[in-house]
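**Student:**
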Amino acid sequence: ASNDGLLRIGLKRLKRDPDNRVAAQLDSGSGEALRASIRKFNL
Amino acid sequence: DSADADIVALKNYLDAQYYGEIGLGTPPQKFTVIFDTGSSNLWVPSAKCYFSIACYFHAKYRSSLSKTYQKNGKSASIQYGSGSITGFFSIDNVKVGNLVVKNQEFIETTSEPGVTFLVAKFDGILGLGFQEISVGNAKPVWYNMVEQGLVKEPVFSFWLNRKADEEEGGELVFGGIDTKHFKGKHVYVPVTRKGYWQFDMGDVLIGGKPTGYCRGGCSAIADSGTSLLAGPSSVIAMINHAIGASGVVSQECKAVVQQYGQNIIDLLLAQVQPKKICSQIGLCTFDGNQGVSIVIESVVDEKNDKSSSGLGEAMCSACEMAVVWMQNQLMQNQTQERILNYANELCDRMPSPMGESAVDCGGLSSMPKVSFTIGGKVFDLSPEEYILKVGEGAQAQCISGFTGLDVPPPRGPLWILGDIFMGRYHTIFDYGNQRVGFAEAA
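Protein chains in written order, with my numbering: chain H, 1 to 43; chain E, 1001 to 1442.
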């Protein structure tokens, strides 16, 4: 929180490189992560 | 198998990119969570999680160590991908930044099957959606923040830093907006389906030219828990064609273009209502709003056994896509030969359902911008923004940030605007006025 009354939460980010999980998921070719990522919307 | 368990579909969060830290209990136990506007529950692994390897690689909540813990015990299950997380509800204080939200209901997960969460960098999820979609009707953290008077305004906003080389990943502001992270004024659109941060969206443009598919209106959900942009296959095929992305060949699509392509053009030129064309040529029935597939029954042997095939549905949806593509090309005054060729080419670029498409990293400079019309304003994304680059130099691989998602009316057509969009556009989630606002991020 700061003097302006706002609560600021710093966010971290996964780096896009061949070793990280985002890359691994996208590289996997299975598309399962993407399929799963949309399922929360009950479509 | 528990009668009082609530089940909601969730996601595999491995493709989510931005996460932050919260504290649970007194004294606070630290957890790394995804702040997800596409769901509404808070969950973290429980110390009572014994049989899932994922729990041993993440922080676990120990109620016995918290002075403010209150038992609830009601069971809960959250579905994601091919498995589900299960656990039970507990109540405790949550520290977000330096504010303490009291008596927060959350899920202690006791089972996290599969490898999905085993390899995740985060421990749990903090949902920022509406209570209407919350498992167990648990009050979301954000609701309690507002009700306990912890924030000045009932608004929160996201800034996601797109500069990959910078340490700061982004900023989530509760209670207002950070003026240093956007330029100009926000364009606001009302929430049209409470539960999600869903709003009406207009047409999608490729290289400044309308695709026509969402001219009559589409819906979109602003989702900080998803990385990519998901939308109707017919538009994604057009995008794939424009950016040279790989796709899958649709034989039904090719058959429709080959057999009925000229008919479709003739009917479009005869000013027949596009929605009625596929029923007029016998591939769909018309229900007053859209084409509905005709189930084709075929005799499979001499005993007159009949079986319905999925062909009718596939041909109907292929026909409807072809109508959109051809109408779009006619509006651009293309020749009939060119229109048929274009439609045939698009049949080779169909997105694999919710799968990813590779593109040539060397072609980024020649790819068009893709734009979304929201609140009457056009929001552009450049190739550098919608293409994910994995690795560097000769080893680099590029993947389209667009993926296919077909949702029929009345809920669809639907777009999911994930981090790729929210990275370019600072997003305000205005709970008080039930609206979402977008402005150029800075």
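All C-beta atoms, glycine included, are put in the ideal place defined by N, C-alpha and C.
Model, not experiment: these values are computed from the prediction.
By Cβ distance, which residues of its chain are closer than 6 angstroms to Leu1042 (chain E), with the 5 residues on each side in sequence left out?
**Tutor:** As a first step, residue 1042 (chain E) must be located in the second sequence, where it is residue number 42. The residues are Phe1106, Leu1126 and Val1141.
**Student:** Taking Ala1242 (chain E) as part of the alpha helix (DSSP H), name the residues at either end of that continuous run.
**Tutor:** Here residue 1242 (chain E) refers to the residue found at position 242 when the second sequence is read from its first residue. That run of the alpha helix (DSSP H) goes Ser1233 to Ile1243.
**Student:** If I'm right that Glu1440 (chain E) touches Lys1183 (chain E) with Cβ under 8 angstroms, what's the distance once you round it to whole angstroms?
**Tutor:** Counting from 1 along the second sequence, the entry for residue 1440 (chain E) is found at position 440. Counting from 1 along the second sequence, the entry for residue 1183 (chain E) is found at position 183. About 4 angstroms separates the two Cβ atoms, so the contact holds.
**Student:** Should Asp1430 (chain E) be flagged as near chain H, meaning a C-beta pair shorter than 9 angstroms?
**Tutor:** Within the second sequence, the letter at position 430 stands for residue 1430 (chain E). Closer than 9 angstroms: no.
**Student:** For a quick check, are the C-beta atoms of Val1204 (chain E) and Gly1437 (chain E) less than 9 angstroms apart?
**Tutor:** Start at 1 with the first residue of the second sequence, and residue 1204 (chain E) comes out as number 204. Start at 1 with the first residue of the second sequence, and residue 1437 (chain E) comes out as number 437. Not closer than 9 angstroms, so no.
**Student:** Under the three-state reduction of DSSP, which class applies to Met1367 (chain E): helix, strand or coil?
**Tutor:** For the purposes of this step, residue 1367 (chain E) is taken as residue 367 along the second sequence, with counting starting at 1. Looking at Met1367 (chain E) - three-state DSSP - the assignment turns out to be coil, as it is neither helix nor strand.
**Student:** Of the residues that make up the region 1188-1213 of chain E, which ones have a beta carbon closer than 9 angstroms to any beta carbon in chain H?
**Tutor:** So the close ones are Tyr1196.
**Student:** Go through the region 1178-1202 of chain E residue by residue and report every complete run of the beta strand (DSSP E) that reaches 3 residues or more, in order.
**Tutor:** Listed in chain order, they are 1182-1190 and 1198-1201.
**Student:** With a threshold of 8 angstroms on Cβ separation, who are the neighbours of Ser952 (chain E) within its own chain once the five nearest residues in sequence on each side are excluded?
**Tutor:** Limits of chain E in this structure are 1001 at one end and 1442 at the other, which puts residue 952 (chain E) out of reach.
**Student:** May I ask which residues mark the beginning and end of the beta strand (DSSP E) holding Val1249 (chain E)?
**Tutor:** By one-based count along the second sequence, residue 1249 (chain E) stands at place 249. No beta strand (DSSP E) contains Val1249 (chain E), which DSSP labels as neither H nor E.
**Student:** Given that a residue counts as buried once 16 or more other Cβ atoms are within 10 Å of its Cβ, and exposed if not, what is Tyr1050 (chain E)?
**Tutor:** Translated into positions along the second sequence, residue 1050 (chain E) becomes position 50. It is exposed - the Cβ of Tyr1050 (chain E) has fewer than 16 other Cβ atoms within 10 Å.
**Student:** Counting along the chain, where does the alpha helix (DSSP H) carrying Asn1341 (chain E) start and finish?
**Tutor:** Counting from one through the second sequence, the residue named residue 1341 (chain E) turns up at place 341. Residues Gln1336 to Leu1346.
**Student:** Give a yes or no on whether 9 angstroms exceeds the smallest Cβ distance from Phe1174 (chain E) to chain C.
**Tutor:** The question asks about chain C, but that chain is absent: this structure's protein chains are H and E.
**Student:** Does any C-beta atom of chain H lie closer than 9 angstroms to the C-beta of Asn1433 (chain E)?
**Tutor:** Against the second sequence, residue 1433 (chain E) aligns to sequence position 433. No, Asn1433 (chain E) does not count as interfacial toward chain H.
**Student:** Residues in its own chain within less than 8 angstroms of Tyr1431 (chain E) by CB, not counting five upstream and five downstream?
**Tutor:** Indexing the second sequence from 1 puts residue 1431 (chain E) at position 431. So the list reads Trp1142, Val1146, Pro1154, Val1155 and Phe1156, once near-sequence residues are dropped.
**Student:** Out of curiosity, what's the CA-to-CA distance linking Leu1283 (chain E) and Val1256 (chain E)?
**Tutor:** The residue given as residue 1283 (chain E) occupies position 283 in the second sequence. The residue given as residue 1256 (chain E) occupies position 256 in the second sequence. Looking at the two C-alpha atoms, the distance is approximately 9 angstroms.
**Student:** Taking C-beta pairs closer than 9 angstroms, name the residues in chain H that Asn1161 (chain E) reaches, listed in chain order.
**Tutor:** In the second sequence, residue 1161 (chain E) corresponds to position 161, counting from 1. Simply Leu11 and Arg13.
**Student:** Is it true that the CB of Thr1211 (chain E) sits closer than 9 angstroms to the CB of Val1378 (chain E)?
**Tutor:** Here the question's residue 1378 (chain E) lines up with position 378 in the second sequence. Here the question's residue 1211 (chain E) lines up with position 211 in the second sequence. In this structure, Thr1211 (chain E) does not lie closer than 9 angstroms to Val1378 (chain E) by Cβ.
**Student:** Hey, how far is the Cα of Tyr1061 (chain E) from the Cα of Gly1097 (chain E)?
**Tutor:** As a first step, residue 1061 (chain E) must be located in the second sequence, where it is residue number 61. As a first step, residue 1097 (chain E) must be located in the second sequence, where it is residue number 97. C-alpha separation (whole angstroms): 18 angstroms.
**Student:** Is there a C-beta anywhere in chain H that falls below 9 angstroms from the one on Val1096 (chain E)?
**Tutor:** Taking the second sequence and counting its residues from 1, the one referred to as residue 1096 (chain E) is at position 96. Closer than 9 angstroms to some Cβ of chain H, the Cβ of Val1096 (chain E) qualifies, so yes.
**Student:** Please report how far the alpha carbon of Tyr1425 (chain E) lies from the alpha carbon of Ser1064 (chain E), in whole angstroms.
**Tutor:** On the second sequence, position 425 is the one that residue 1425 (chain E) refers to. On the second sequence, position 64 is the one that residue 1064 (chain E) refers to. Tyr1425 (chain E) and Ser1064 (chain E): Cα-Cα distance of roughly 43 angstroms.
**Student:** Is the beta carbon of Ala1230 (chain E) closer than 9 angstroms to that of Ile989 (chain E)?
**Tutor:** Absent from the structure is residue 989 (chain E), since the part of chain E shown begins at 1001 and ends at 1442.
**Student:** Using the C-alpha atoms, what's the distance from Ser1371 (chain E) back to Gly1363 (chain E)?
**Tutor:** For the purposes of this step, residue 1363 (chain E) is taken as the residue at position 363 of the second sequence. For the purposes of this step, residue 1371 (chain E) is taken as the residue at position 371 of the second sequence. Their Cα atoms are separated by approximately 19 angstroms.
**Student:** Should the region 1218-1236 of chain E be regarded as contacting the region 1025-1040 of chain E, the criterion being three or more beta carbon pairs within less than 8 angstroms?
**Tutor:** The region 1218-1236 of chain E vs the region 1025-1040 of chain E: in contact.
**Student:** So, under 8 angstroms CB-CB, Ser1382 (chain E) and Met1321 (chain E) are touching, yes? Tell me the CB distance rounded to an integer number of Å.
**Tutor:** Within the second sequence, numbered from 1, the residue matching residue 1382 (chain E) stands at position 382. Within the second sequence, numbered from 1, the residue matching residue 1321 (chain E) stands at position 321. 26 angstroms between Cβ atoms; not a contact.
**Student:** When you compare only the Cα positions, how much space is there between Val1094 (chain E) and Pro1027 (chain E)?
**Tutor:** For the purposes of this step, residue 1094 (chain E) is identified with residue 94 of the second sequence, where counting begins at 1. For the purposes of this step, residue 1027 (chain E) is identified with residue 27 of the second sequence, where counting begins at 1. Val1094 (chain E) and Pro1027 (chain E): Cα-Cα distance of roughly 10 angstroms.
**Student:** Is there a C-beta anywhere in chain H that falls below 9 angstroms from the one on Gly1170 (chain E)?
**Tutor:** Walking along the second sequence from the start, residue 1170 (chain E) turns up at place 170. True, the Cβ-Cβ gap to chain H drops below 9 angstroms.
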